[in-house]
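Quick note: the sequence shown uses the numbering used here, first residue 67, plus one each step.
Just so you know, even glycine gets a beta-carbon here, dropped at the ideal spot from N, CA and C.
Only a predicted model underlies this, so the values are computations on that prediction, with no experimental measurement involved.
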Amino acid sequence: MKKWTRRAFIGAGVLAGGTLVLGIAIRPGNRASKVAGLIATGGETVMNIWLKIARDNTVTAIIPHAEMGQGVHTALAMMLADEMDADWSKVRFEEAPAAKEYANYSVAKGFIAGNANFPKFLVETIDGIFLTAVKSLNFQITGGSASVRFTGQDAMRIAGAAAKSMLLQAAADTWKVPVEELVAEKSIVTHTGSGQSATFGELAPAAAKVKTPANPKLKSRDQFTLMGTSQPRLDIPAKVTGQAIFGMDVQVPGMKYATIKAAPVFGSKVKSVDTHVTTSQAGVLKIVNLGDAVAVVAEGYWQAKTALDALPITFESTENDSLSQAEIFSRYRKAMDTDLAEGNLETHFKSGDAAKALKEAKVLIEAEYQLPFLAHATMEPMNCTAWVQQGKCEIWCGSQNPLGVKAAAAELLELELDQVIVHNQLLGGGFGRRSETDVIKQALLIAKEVDVPVKLIWSREEDTQHDFYREATLSRLKAGLDESGLPVAYSHQFIFKHHPPEAADIPYSVPNQLIQFSSPPSHVPWGNWRSVDHSTHGFLSESFIDELAHAAKQDPLAYRKKLIKDHPRLLAVLDLAYEKSNWGSPLPANWGRGIAIGQSFGSVVAEVAEVEVNLEGKVNVQRVVCVADPGFAIHPDGFKAQMESGIIYGLAAAMSGEITIENGAVAQGNFHNYPVTRMSEAPKIETYIINSDNAPGGAGEPSTPFIAPAVTNAIFAATGIRIRQLPISNTDLRVSIRQTT
Numbered sequence: 067m068k069k070w071t072r073r074a075f076i077g078a079g080v081l082a083g084g085t086l087v088l089g090i091a092i093r094p095g096n097r098a099s100k101v102a103g104l105i106a107t108g109g110e111t112v113m114n115i116w117l118k119i120a121r122d123n124t125v126t127a128i129i130p131h132a133e134m135g136q137g138v139h140t141a142l143a144m145m146l147a148d149e150m151d152a153d154w155s156k157v158r159f160e161e162a163p164a165a166k167e168y169a170n171y172s173v174a175k176g177f178i179a180g181n182a183n184f185p186k187f188l189v190e191t192i193d194g195i196f197l198t199a200v201k202s203l204n205f206q207i208t209g210g211s212a213s214v215r216f217t218g219q220d221a222m223r224i225a226g227a228a229a230k231s232m233l234l235q236a237a238a239d240t241w242k243v244p245v246e247e248l249v250a251e252k253s254i255v256t257h258t259g260s261g262q263s264a265t266f267g268e269l270a271p272a273a274a275k276v277k278t279p280a281n282p283k284l285k286s287r288d289q290f291t292l293m294g295t296s297q298p299r300l301d302i303p304a305k306v307t308g309q310a311i312f313g314m315d316v317q318v319p320g321m322k323y324a325t326i327k328a329a330p331v332f333g334s335k336v337k338s339v340d341t342h343v344t345t346s347q348a349g350v351l352k353i354v355n356l357g358d359a360v361a362v363v364a365e366g367y368w369q370a371k372t373a374l375d376a377l378p379i380t381f382e383s384t385e386n387d388s389l390s391q392a393e394i395f396s397r398y399r400k401a402m403d404t405d406l407a408e409g410n411l412e413t414h415f416k417s418g419d420a421a422k423a424l425k426e427a428k429v430l431i432e433a434e435y436q437l438p439f440l441a442h443a444t445m446e447p448m449n450c451t452a453w454v455q456q457g458k459c460e461i462w463c464g465s466q467n468p469l470g471v472k473a474a475a476a477e478l479l480e481l482e483l484d485q486v487i488v489h490n491q492l493l494g495g496g497f498g499r500r501s502e503t504d505v506i507k508q509a510l511l512i513a514k515e516v517d518v519p520v521k522l523i524w525s526r527e528e529d530t531q532h533d534f535y536r537e538a539t540l541s542r543l544k545a546g547l548d549e550s551g552l553p554v555a556y557s558h559q560f561i562f563k564h565h566p567p568e569a570a571d572i573p574y575s576v577p578n579q580l581i582q583f584s585s586p587p588s589h590v591p592w593g594n595w596r597s598v599d600h601s602t603h604g605f606l607s608e609s610f611i612d613e614l615a616h617a618a619k620q621d622p623l624a625y626r627k628k629l630i631k632d633h634p635r636l637l638a639v640l641d642l643a644y645e646k647s648n649w650g651s652p653l654p655a656n657w658g659r660g661i662a663i664g665q666s667f668g669s670v671v672a673e674v675a676e677v678e679v680n681l682e683g684k685v686n687v688q689r690v691v692c693v694a695d696p697g698f699a700i701h702p703d704g705f706k707a708q709m710e711s712g713i714i715y716g717l718a719a720a721m722s723g724e725i726t727i728e729n730g731a732v733a734q735g736n737f738h739n740y741p742v743t744r745m746s747e748a749p750k751i752e753t754y755i756i757n758s759d760n761a762p763g764g765a766g767e768p769s770t771p772f773i774a775p776a777v778t779n780a781i782f783a784a785t786g787i788r789i790r791q792l793p794i795s796n797t798d799l800r801v802s803i804r805q806t807t
């Protein structure tokens, strides 16, 4: 997800010098009336924008995030229901509509203000400021591992607690008893003294008229009844029975199919194409020239695909037509060298005098690392169904930002926002890819040319070759060690900085640091890839610290422990990883263990990988021990699933993930040359959770950055070969194995 900057808010007069600057108080208040027409049916009472209560005592949580396998609909519903003391068996969920009232102000607030504690009398004003901002930006994003730690904490829990307070007050007013004498439990309010009781459903109409408390009291951890338990996920039954609807499953009466072929070199345009439909093109209805791509509309997908493949299309030449992967990295090196020589490198972090400390160090260690472009490779192909009619349009898609889709459609078609309807579906994988609107815009432009709904489906080749890619990067690291082998200086220059801003930080105590970056031009489109900049820096810093440990002739885990002695959360995960992985115990020949640790999206993670390098030089990752401190795991089973998912996703990238550029275009085209981890290749994964009661952290991304260095560090332990360039499959390990056998 694209992160806001603190600078933008300073410019708007919201934050200055760490002090809140108040103008007119913007208070969101209870916005139930603004969304009632969107979410309420059949006599349901909307308590606030996050929940409604039906007469039959059903509580429905309105979740402002997309479900892409991470279980967010269940976790957020649990947070709301727990604070409300609702009967979980009567709790349902709905995904929030693409409406400005559901812009994710809590996510923006969390990323910009962090865990800042504002005075209670300012909370509503602060929330109002962020709500106003995200409405203007059409920001309804699911990403950045933000759903539970920001929306859950700052919206769903508060909404549940506020609704409970309103229900209790309504009962007190009705029964003429002190509110302190009332108890809410399993969707029933009871006055023990008089024996009176009523369901939430019975009390809801009166409760909705009670003023919403701005700062309702939240439960302490020992009062939780749902949070911290692994309730069955609400989205699973429909997925098991096949009733769940993803974007690819959408069927609209009269719908036709389209597929597309974009210019192979990014930035190129269509030079010529015959858009005349002939009688020999069976089932083809329309050929559309979109300027940078050509689409075919037909009765079925295969008819459209066959016709498109046979269509003679020529594309304009560009200055990048002869560009190769080697040339790209050559340009990166030249840019870094020039920026370094001319003092143009931008500074990410500086402490002490790294240059001086490096010169005076007892031992100097230097290394260069290289990482490739990566595609998202979502299991569900990119798709969108669109119907453009007179003065309005409807869109069926799976998006990580449905309000952003709505705004993009309105701008493209020159419509008002309320003339665009977005039906967001389940996502068959997101990983950042489905935060973009390129496919939606293509579907709309195609649908404009016909008078029926059109489902645009990208082929796997189109998906692989026209993604928004994780950036390829080049990294140069230096460290100076003292007599004891510990680092006194750390220098790092790398290519490209995106977000989160702390991704390039190291968790280790090194007094003199200089971390810099260069931003050369690139024609390859960049996009958010799972864990974003952490996915690169996790590998870079955790590989290099391993190099320092071995140069110092010290155990890599013990070496890290010395350098994080002032970080109790890191020490705790490292100690548990040591215990659970049986670190230091004997392994078979040609096996090795590797360790990697760090903090990512608010969670602290340690991973130990056990690998075997066989006689053919093939790497088999046998076991991964993951220890994570997310502050508190709301849904432990779901959290473990996300840790495993992030490890498998990162493992695919580490082992074989590589997008290469040939003649200006992506060379890979499908899973045969951009492979992902197969079930038979998946290691045994053990996940251990530490509930430290620190500020809540994320789950979807924090495990991804550390699997690659854990594996490559294990390979070094097994073979003595240090891998500084991913993917691992590009390194020939056979020589080392022959030497050791």
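Taking all protein chains shown into account, do 16 or more other C-beta atoms lie within 10 angstroms of the C-beta of G103, making it buried, or fewer, making it exposed? What you label residue 103 is simply residue 37 of the sequence shown in a count that begins at 1. Exposed, since its Cβ has fewer than 16 Cβ neighbours within 10 Å.
Close beta carbons around P768, own chain, < 6 Å, minus the five adjacent residues each side: Taking the first residue of the sequence shown as position 1, residue 768 is located at position 702. Excluding positions up to five away in sequence, the list reads S666, F667, S669, V671.
Given H414 as reference, the closest of L493, H558, V276, L681 once Cα atoms are compared: Locating residue 414 in the sequence shown gives position 348, counting from the first residue. When only C-alpha atoms are compared, the closest one is H558.
Residue of A169, P271, E167 minimising C-alpha distance to D122: The residue labelled residue 122 in the question sits at position 56 within the sequence shown. It is P271.
In chain order, what residues of the same chain have a beta carbon less than 7 Å from the beta carbon of R800, not counting five sequence neighbours either side? In the sequence shown, the residue the question calls residue 800 occupies position 734. The residues are E682, G683.
Quick check on the DSSP output: what are the complete beta strand (DSSP E) runs of length 3 or more inside the region 517-561, in order along the chain? 520-523, 539-547, 553-561
In its own chain, which residues sit with a C-beta less than 7 Å from the C-beta of E613, not counting the 5 before and 5 after it? Counting from 1 along the sequence shown, the entry for residue 613 is found at position 547. Excluding residues within five positions, the ones whose Cβ falls inside 7 Å are I431, A433, R788.
Would you call the region 409-426 in contact with the region 359-375, where contact means no fewer than 3 C-beta pairs closer than 8 Å? no
Is the Cβ-Cβ distance between L117 and A225 less than 8 Å? Position 51 of the sequence shown, counting from 1, holds the residue named residue 117. Position 159 of the sequence shown, counting from 1, holds the residue named residue 225. Yes, these two residues count as a Cβ contact at 8 Å.
Check the C-beta distance from A694 over to T753 and give it rounded, since I have them as a contact under 8 Å. For the purposes of this step, residue 694 is taken as residue 628 along the sequence shown, with counting starting at 1. For the purposes of this step, residue 753 is taken as residue 687 along the sequence shown, with counting starting at 1. Indeed they touch by this definition, with Cβ atoms about 7 Å apart.
Counted within 10 angstroms of its Cβ, other Cβ atoms place M113 as buried (16 or more) or exposed: The sequence position of residue 113 within the sequence shown is 47, counting from 1. Buried.
Using the Cα positions of G349 and T380, report the straight-line distance between them to the nearest angstrom. The residue given as residue 349 occupies position 283 in the sequence shown. The residue given as residue 380 occupies position 314 in the sequence shown. Whole-angstrom Cα-Cα distance: 24 Å.
Taking only runs of the beta strand (DSSP E) that begin and end inside the region 333-399, which ones reach a length of at least 3 residues, in chain order? 336-339, 350-355, 359-364, 379-381
Touch test, the region 144-159 against the region 291-300, Cβ-Cβ under 8 Å, three pairs minimum: yes
For G764, count the other beta carbons within 10 Å of its own beta carbon; 16 or more makes it buried, fewer makes it exposed. Which is it? Reading the sequence shown from its first residue, position 698 is the one you call residue 764. Buried, since its Cβ has 16 or more Cβ neighbours within 10 Å.
Length at least 4, wholly inside the region 686-758: the alpha helix (DSSP H) runs in chain order: 702-721
When we look at the beta-carbon of T345 and count the other beta-carbons within 10 Å, is it buried (16 or more) or exposed? Here residue 345 refers to the residue found at position 279 of the sequence shown. The residue is exposed, with fewer than 16 neighbouring Cβ atoms inside 10 Å.
By the three-class DSSP mapping on this structure, what secondary structure does N779 have? Residue 779 sits at position 713 when you count from the first residue of the sequence shown. Helix at N779.
For the structure I just gave you, are there three or more beta carbon pairs, one from the region 542-556 and one from the region 507-518, closer than 8 Å? no
Cutting at 6 Å between CB atoms, please list the residues of its own chain near E110, excluding the five before and the five after it. In the sequence shown, the residue the question calls residue 110 occupies position 44. The residues are K118, A120.
Counting pairs of Cβ atoms below 8 Å between the region 462-473 and the region 524-535, do you hit three or more? no
Does DSSP put M113 in a helix, a strand or coil? Locating residue 113 in the sequence shown gives position 47, counting from the first residue. Strand, per DSSP.
Could you please give me the residues that DSSP links to G660 through a beta bridge? Against the sequence shown, residue 660 aligns to sequence position 594. Paired residue(s): A675.
Kindly indicate which three-state DSSP category K327 falls into: helix, strand or coil? Here residue 327 is taken as the residue at index 261 of the sequence shown, counted from 1. Looking at K327 - three-state DSSP - the assignment turns out to be strand.
The alpha helix (DSSP H) enclosing V454, as first and last residue numbers: Residue 454 sits at position 388 when you count from the first residue of the sequence shown. No alpha helix (DSSP H) contains V454, which is instead part of the beta strand (DSSP E) from 449-455.
Three CB pairs or more closer than 8 Å across the region 305-315 and the region 152-172: no
Just confirm the distance between the C-beta atoms of Q531 and V732, as a whole number of angstroms; I'd bet it's less than 8 Å. Locating residue 531 in the sequence shown gives position 465, counting from the first residue. Locating residue 732 in the sequence shown gives position 666, counting from the first residue. Confirmed, Cβ separation roughly 4 Å.
By Cβ distance, which residues of its chain are closer than 6 Å to Y435, with the 5 residues on each side in sequence left out? Locating residue 435 in the sequence shown gives position 369, counting from the first residue. Cβ within range, chain order: S541, L606, R790.
List the DSSP bridge partners of Q582. Residue numbering aside, residue 582 sits at position 516 when the sequence shown is read from its first letter. Paired residue(s): T413, Q559.
Just the Cα atoms here: how many angstroms apart are I561 and S338? Along the sequence shown, read from residue 1 onward, the residue named residue 561 stands at position 495. Along the sequence shown, read from residue 1 onward, the residue named residue 338 stands at position 272. Near 37 Å, if we compare the C-alpha coordinates of S338 and I561.
Spatial distance of L474 from R635 (CA atoms): Along the sequence shown, one-based indexing puts residue 474 at 408. Along the sequence shown, one-based indexing puts residue 635 at 569. Reading off the sequence, residue 474 comes out as Ala, not Leu. Distance between the alpha carbons of A474 and R635 is about 42 Å.
Starting from E268, trace the beta strand (DSSP E) in both directions and tell me its first and last residue. Position 202 of the sequence shown, counted from the first residue, corresponds to residue 268. Unbroken run through E268 is the alpha helix (DSSP H), 266-273; no beta strand (DSSP E).
For S213, I'd like the list of residues in its chain whose CB is within less than 6 Å of its CB, leaving aside the five on either flank, ordered along the chain. Reading the sequence shown from its first residue, position 147 is the one you call residue 213. Around S213: H131, V138.
To the nearest angstrom, report how far apart A174 and P702 are at their CA atoms. One-based indexing of the sequence shown puts residue 174 at position 108. One-based indexing of the sequence shown puts residue 702 at position 636. Whole-angstrom Cα-Cα distance: 25 Å.
What would DSSP say about F290, mapped onto helix, strand or coil? If you number the sequence shown from 1, residue 290 lands on position 224. The answer is coil: DSSP assigns F290 none of H, G, I, E or B.
Under DSSP, the beta strand (DSSP E) around Q436 begins and ends at which residues? By one-based count along the sequence shown, residue 436 stands at place 370. It spans 429-437 - the beta strand (DSSP E) in which Q436 sits, taken as one unbroken run.
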